[in-house]
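Under our numbering, the first residue of the sequence shown is numbered 144, with each subsequent residue one higher. First the structure, in the form of structure tokens, and then the observations on it.
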Amino acid sequence: MKFSCSIDRQTILRTALILFIFALICFYFIFRFSIDSLNKTDEFFNYLSIIYCVLYVVIVLLFKPTSYVIKDDSLIINRTISKLKVSLLNIEDVFYIAEKDSRLVLSNKFSTLGLFFWGGTFVLGEFGLVKMYATQKRNFILFKTPTGKIVISPDDINGMITCLKKYFEYTKPEMVN
144 MKFSCSIDRQ
154 TILRTALILF
164 IFALICFYFI
174 FRFSIDSLNK
184 TDEFFNYLSI
194 IYCVLYVVIV
204 LLFKPTSYVI
214 KDDSLIINRT
224 ISKLKVSLLN
234 IEDVFYIAEK
244 DSRLVLSNKF
254 STLGLFFWGG
264 TFVLGEFGLV
274 KMYATQKRNF
284 ILFKTPTGKI
294 VISPDDINGM
304 ITCLKKYFEY
314 TKPEMVN
């Protein structure tokens, strides 16, 4: 079963802010090209700064989740460039995390900072370190696996929970309450 994942208002605002800051940085360096007579080191730094901003946006877009699929005993996180597949047989527990409990704190690892989606490693309240593949900053579903915790945010939260309950009733009856 396929579940869409659209961007919420908070993520749109954060994306707009980050893109605006990146645009200002790029315009600053482009403007600096035309005014200053730069030495080769400064010119290289200017080019590098512009390339970094553009590459960051492109790379983040390539890894943005486009949908979530539950199929053939797997949770598949479809991304623009690749798919991430998690076996439902390896999932130890599933939690729904309400918006009020979804306070994120960045860890010291890579994060998209909310540019197009919430991706990377975060500390999520009482759940600790989690890998985020969420396009919204609300209605999280957390999957606890032997290798770590994964968080997603489908649009149809009730549909996904219903689908997961059916799956776990069929494959792991001891997990159903």
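We put the beta carbon where it would ideally sit given N, CA and C, even for glycine. Computed from a predicted model, the values in this text were never measured in an experiment.
6 Å CB neighbourhood of residue i in its chain, flanking five on each side removed
{"i": "PRO297", "result": "PHE146, CYS148, TYR211, MET303"}
{"i": "ILE213", "result": "MET144, CYS306"}
{"i": "VAL229", "result": "LEU218"}
{"i": "PHE238", "result": "LEU285"}
{"i": "GLN153", "result": "LYS280"}
{"i": "LEU227", "result": "ILE220"}
{"i": "SER161", "result": "According to the sequence as given, residue 161 is Ile; it is not Ser. Once the five neighbours on either side are set aside, the close Cβ partners of ILE161 are LEU258."}
Residue j beta carbon less than 8 Å from that of residue i
{"i": "PHE206", "j": "ILE224", "result": "yes"}
{"i": "SER254", "j": "GLY268", "result": "no"}
{"i": "LYS274", "j": "LYS292", "result": "yes"}
CA-to-CA distance, residue j to residue i, given in whole angstroms
{"i": "ALA166", "j": "THR209", "result": "25 Å"}
{"i": "THR158", "j": "VAL266", "result": "21 Å"}
{"i": "CYS196", "j": "CYS169", "result": "7 Å"}
{"i": "ASP215", "j": "GLY271", "result": "29 Å"}
{"i": "PRO289", "j": "LEU232", "result": "11 Å"}
{"i": "PHE172", "j": "PHE188", "result": "9 Å"}
{"i": "TYR276", "j": "LEU256", "result": "12 Å"}
{"i": "LEU191", "j": "ARG175", "result": "14 Å"}
{"i": "LYS315", "j": "ASP236", "result": "Residue placement at LYS315 is flagged as unreliable, the pLDDT there being 43, under the threshold of 50; the coordinate-derived value follows with that caveat. Looking at the two C-alpha atoms, the distance is approximately 11 Å."}
{"i": "VAL200", "j": "GLU186", "result": "22 Å"}
{"i": "TRP261", "j": "ILE202", "result": "14 Å"}
Residue i: CB within 7 Å of a non-hydrogen atom of the ligand FAD
{"i": "LEU218", "result": "Within the structure as shown, the ligand FAD is missing, as the structure has no ligands at all."}
7 Å CB neighbourhood of residue i in its chain, flanking five on each side removed
{"i": "GLU317", "result": "Per-residue confidence for GLU317 stands at a pLDDT of 44, beneath the threshold of 50, marking its modelled position as unreliable; the derived number appears in the next sentence. Excluding residues within five positions, none has a Cβ falling inside 7 Å."}
{"i": "LEU204", "result": "THR223, PHE259"}
Integer Cβ distance of residue i from residue j, believed to fall under 8 Å
{"i": "ILE150", "j": "THR278", "result": "5 Å"}
{"i": "LYS287", "j": "ILE240", "result": "12 Å between Cβ atoms; not a contact."}
{"i": "ILE295", "j": "ILE220", "result": "7 Å"}
Cutoff 8 Å; reference residue i; Cβ partners in own chain excluding five residues on either side
{"i": "ILE300", "result": "TYR239, ASN282, ILE284"}
(message) Could you tell me which whole alpha helix (DSSP H) segments of length 4 or greater appear in the region 180-249?
(response) The region 180-249 is shown to contain whole alpha helix (DSSP H) runs of 4 or more residues at 183-205, in chain order.
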